[in-house]
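Numbering of the sequence shown is given in full-length UniProt numbering, commencing with residue 1 and proceeding in unit increments.
All residues carry an ideal CB built from backbone N, CA and C; glycine is no exception.
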Amino acid sequence: MHNTLYFRRACPSRDGFCRSGDASLSGRWLSAFGKELGRGRLRRVLHDTPAQPALQYNFDVLECILHHLPQHDLHNTSLVCREWALASRRPLYARLKFDSDDQSTSLLARTLRTCPHLRSLVHFVELQISIHDGDPAVFDWLHLIQEGNVTELIVYQCAFGKDFTTFILSSPFVRSVRHLEGRSDFIHTKEHLYGCLTIPNLESLSLYVPDDLDIILPVTVPRKLTHLSVSSYAFPFSTIPLLAAVGPQLQQFDLDSGVDPPLDDELPEFIAALEKCHHWSTFI
């Protein structure tokens, strides 16, 4: 009699299975599973079993287990077989990291341009824009991601003096972003800052801003924005009108003013803006 490997229900729900002690996935287990699959035994279980509900449940459990794997292991497991490739697809594309210096990004960009079913799986986007990048067309696939799926966007822009920000913020998916983080040269004009403040569902905003950035009052802020983090090389005067506008709804405010604190003539306005923050739980 052949030894046949089954996925069995360990808890009342799929999530319960993943939280239980039986859900741990070791390298030895992966190796044994791959050998069984290579001999065709698991393939017969997945394809020849007449009970369709059990087959569907097996796939769901496999997909749930793979969600707990580190990203670098997911790439390897997706190469084991077709079933594992399908189960790896959702966790692989849920958190998308695109480094323009990485040689594999051209393949990733081409995949995202041509596979709408994969674009719909993306919930987190991290962009690293190289100092050598000059054409936003490298990121044209961003405009193909539909609104409603991506909730978190992080951008590290090292292409100084080049406007990638306007192109990125005009992508349809940005309207559903709840957490936005922009580093390095992502914000270098007041229009870039205003663009961030027009995201309707924004709850958390973390930005590095130039210390000489000007803001023209009045400032309109998203009504859901409750967490604000601002950093700069020196105290950014633009923080004062921004804080005055968003202060009454803030729960947390972080300020890193670099090497210089507020000047003496800036302190009264800054303190007045801080006094409008009635509801925050943290001030750093």
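Legend entry - DSSP bridge partner residues for Q251 (one or two, in chain order): For Q251, which the question treats as bridged, DSSP gives no partner whatsoever.
Legend entry - Q103 classed as buried or exposed, judged by whether at least 16 other C-beta atoms fall within 10 angstroms: Answer is exposed; the Cβ neighbour count stays below 16.
Legend entry - Where F173 falls: helix, strand or coil (DSSP): F173 falls in the helix class under three-state DSSP.
Inset, instruction - Please state if the CB of N201 and the CB of V221 are separated by a distance shorter than 8 Å. - result: Going by C-beta atoms, V221 is not nearer than 8 Å to N201.
Inset, instruction - Could you check the C-alpha separation between V125 and Y156 for me, to the nearest Å? - result: Looking at the two C-alpha atoms, the distance is approximately 11 Å.
Legend entry - Distance cut-off 7 Å: A234 Cβ against heavy atoms of the ligand FMN: For the ligand FMN, the structure offers nothing, since it holds no ligand at all.
Inset, instruction - Quick one: grab the DSSP three-state call for S88. - result: Reduced to three states, the DSSP call for S88 is helix.
Inset, instruction - Drop a sphere of 10 angstroms on the beta-carbon of T77, count the other beta-carbons inside from all chains shown, and report buried for 16 or more, exposed for fewer. - result: That one is buried.
Inset, instruction - Measure the Cβ-Cβ separation of L142 and S171 and say whether it is below 8 Å. - result: In contact: L142 and S171 (Cβ atoms closer than 8 Å).
Legend entry - Contact between the stretch 227-243 and the stretch 202-213 (3+ Cβ pairs under 8 Å): Segment contact: the stretch 227-243 against the stretch 202-213, three or more CB-CB distances shorter than 8 Å; contact assigned.
Legend entry - Through-space distance from F186 to D163, alpha-carbon basis: Taking C-alpha positions only, D163 is separated from F186 by approximately 8 Å.
Inset, instruction - Provide the residue span of the beta strand (DSSP E) that contains F164, from first to last. - result: If you look at F164, you'll find it isn't in any beta strand (DSSP E); DSSP assigns it neither H nor E.
Inset, instruction - Quick one: using the 10 Å Cβ neighbour count with 16 as the cut-off for buried, is L180 buried or exposed? - result: Using a 10 angstroms sphere on the CB of L180, the tally of other CB atoms reaches 16 or more, which defines it as buried.
Inset, instruction - Excluding the 5 residues preceding and the 5 following Y123 in the sequence, name in chain order all residues of the same chain whose CB lies nearer than 8 Å to its CB. - result: Note that residue 123 is His in the sequence shown here, rather than Tyr. Beyond the five residues adjoining it in sequence on each side, H123 comes within less than 8 Å, by CB distance, of A94, R95, N149, V150, T151, E152 in the same chain, given in chain order.
Legend entry - 4-residue-minimum alpha helix (DSSP H) runs that sit fully inside the stretch 194-261, ordered along the chain: Within the stretch 194-261, the alpha helix (DSSP H) runs of at least 4 residues that lie entirely inside it are, in chain order, 239-246.
Inset, instruction - Could you name the residues of the same chain whose beta carbon sits closer than 7 Å to that of E203, not counting the 5 residues immediately before and after it, in chain order? - result: Within the same chain, E203 has close Cβ partners R178, H179, K224, L225, T226, H227.
Legend entry - Three-way DSSP call (helix, strand, coil) for S184 in this model: For S184, the secondary structure class from DSSP, reduced to helix, strand or coil, is strand.
Inset, instruction - Report back the beta-carbon spacing between Q128 and S88 to the nearest angstrom; my notes put them in contact at under 8 Å. - result: At roughly 23 Å, the Cβ-Cβ gap does not stay under 8 Å, so Q128 and S88 are not in contact.
Legend entry - Status (buried if at least 16 other CB within 10 Å, exposed otherwise) for G247: Counting C-beta atoms within 10 angstroms of its own C-beta, G247 has 16 or more neighbours from the protein chains shown and is therefore classed as buried.
Inset, instruction - Determine the contact status of F173 and Q146, defining contact as a CB-CB distance below 8 Å. - result: Yes; because the gap between Cβ atoms is below 8 Å, this pair is in contact.
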